[in-house]
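Okay, so the sequence shown: first residue is 3 according to the working numbering, each after it adds one. Positions of the beta carbon are idealized from the N, C-alpha and C atoms, including for glycine. Predicted model only: the values in this text are computed from it and were never measured. In what follows, a structure is listed as structure tokens, so that the remarks can point back to it.
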Amino acid sequence: MHILSDLSLFCRHNRFLADCPICSKGTAVDPDRGARRRSGATAPRRPRPQRGPTTAAFSGPHVSAGPYEDDEGVRYVVRLERVPGGVRLAEWAGSELRRRAPVLHAADVGALAADAHEVLSEPDAQALAGALAAEPAAQGDAGVSRGRSGDFSEELRVESLQDGRVRIGRWVRRPGAGWELRDAPPMLPATRYAEALADAARKGVLAPGSKDEVRPVQQ
């Protein structure tokens with residue numbers, strides 16, 4: 003029995019089992035087994051990649067109206083911009099693009115449309131300027147340009163607000179749901195703005211109001 007016990011210490015490579023790098027691998031006498039287990043258990047997790055800084059919002063050729071001041075005291079201007087894919091109407095507070103539907107004084111809409119020839123093509127600029135020449139023929143609270151995208155109904159609305167202001171934004175109706183304002187700067191072809199402005203002019207939405215009711219902004 004003693005001889006068999008001694009012989010069991012040798013492997014088939016005629017080495018002590020504990021000294022053989024082949025036969026001892028993965029067994030209790032493997033000197034690297036504990037180190038591998040410990041290193042696997044304590045291996046630090048790979049850190050997640052950090053997001054880089056947010057890039058500045060794109061600003062294309064533009065004309066602007068304002069400045070204005072909202073209910074929270076934030077000063078901003080409204081830009082009519084030529085951007086890839088169409089025309090964007092947006093509020094800018096300094097160099098920051100505001101993520102909401104733009105609000106401006108109704109009397110300033112005509113000035114933006116008149117200056118559009120500085121940044122838009124001649125047909126688009128003429129379409130905007132011609133839209134405001136529509137004669138009032140009805141009363142309403144919003145001028146509308148209707149569109150559709152798949153199962154979604156969509157409208158660009160020029161809405162009358164208090165204090166002689168208007169909001170120009172997109173409204174979306176999903177299947178089985180009501181209309182919802184997309185509180186973001188609208189970006190659409192110039193013809194859509196022209197349709198909404200013409201409808202607003204016919205409904206008296208852009209009729210001159212009292213600028214004295216609007217909060218003054220010091221230049």
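Counted within 10 angstroms of its Cβ, other Cβ atoms place residue 178 as buried (16 or more) or exposed:
Under this definition residue 178 is an exposed residue.
Going by beta carbon distance, what residues of the same chain come within less than 8 Å of residue 206, once the five residues before and after it are set aside?
For residue 206, where only same-chain residues beyond five positions count, the Cβ hits under 8 Å are 138, 140, 141 and 142.
From 108, 91 and 164, pick the residue whose C-alpha is nearest to that of residue 189; which is it?
91
Would residue 2 be called buried (16 or more neighbouring beta carbons within 10 Å of its own) or exposed?
Only positions 3 to 221 of the chain appear in the structure, and residue 2 is not among them; the question remains open.
Please report how far the alpha carbon of residue 156 lies from the alpha carbon of residue 172, in whole angstroms.
7 Å
Close Cβ partners of residue 203 (< 6 Å) along its chain, the five nearest in sequence each way excluded
134 and 136
Does the separation of the CB atoms of residue 88 and residue 191 fall below 9 Å?
yes
Mark residue 76 as exposed unless 16 or more other C-beta atoms lie within 10 angstroms of its C-beta, in which case mark it buried.
It is exposed - the Cβ of residue 76 has fewer than 16 other Cβ atoms within 10 Å.
Within the stretch 175-201, note down every full beta strand (DSSP E) run reaching 3 residues or more, in order along the chain.
181-184
If the criterion is Cβ atoms closer than 9 Å, does the pair residue 105 and residue 163 meet it?
yes
Keeping to the same chain, check which residues put their C-beta closer than 6 Å to that of residue 115; ignore five residues upstream and five downstream.
130, 131 and 134
Can you check which of these residues, 120, 168 and 123, is closest to residue 103 by C-alpha distance?
168
On the CB-based measure, 16 or more other CB atoms within 10 Å of its CB, does residue 127 come out buried or exposed?
So residue 127 ends up on the buried side.
Could you check whether residue 149 and residue 2 sit closer than 9 Å to each other, using their CB atoms as the reference points?
Any property of residue 2 remains undetermined from this structure, which presents the chain solely from 3 to 221.
Is there a Cβ from chain C that is less than 9 Å from the Cβ of residue 85?
In the structure shown, chain C does not exist; there is a single protein chain.
Return the Cβ separation of residue 68 and residue 79 in integer angstroms, given the expectation that the two are a contact with Cβ distance under 8 Å.
4 Å
What are the residues that DSSP puts in a beta bridge with residue 167?
107
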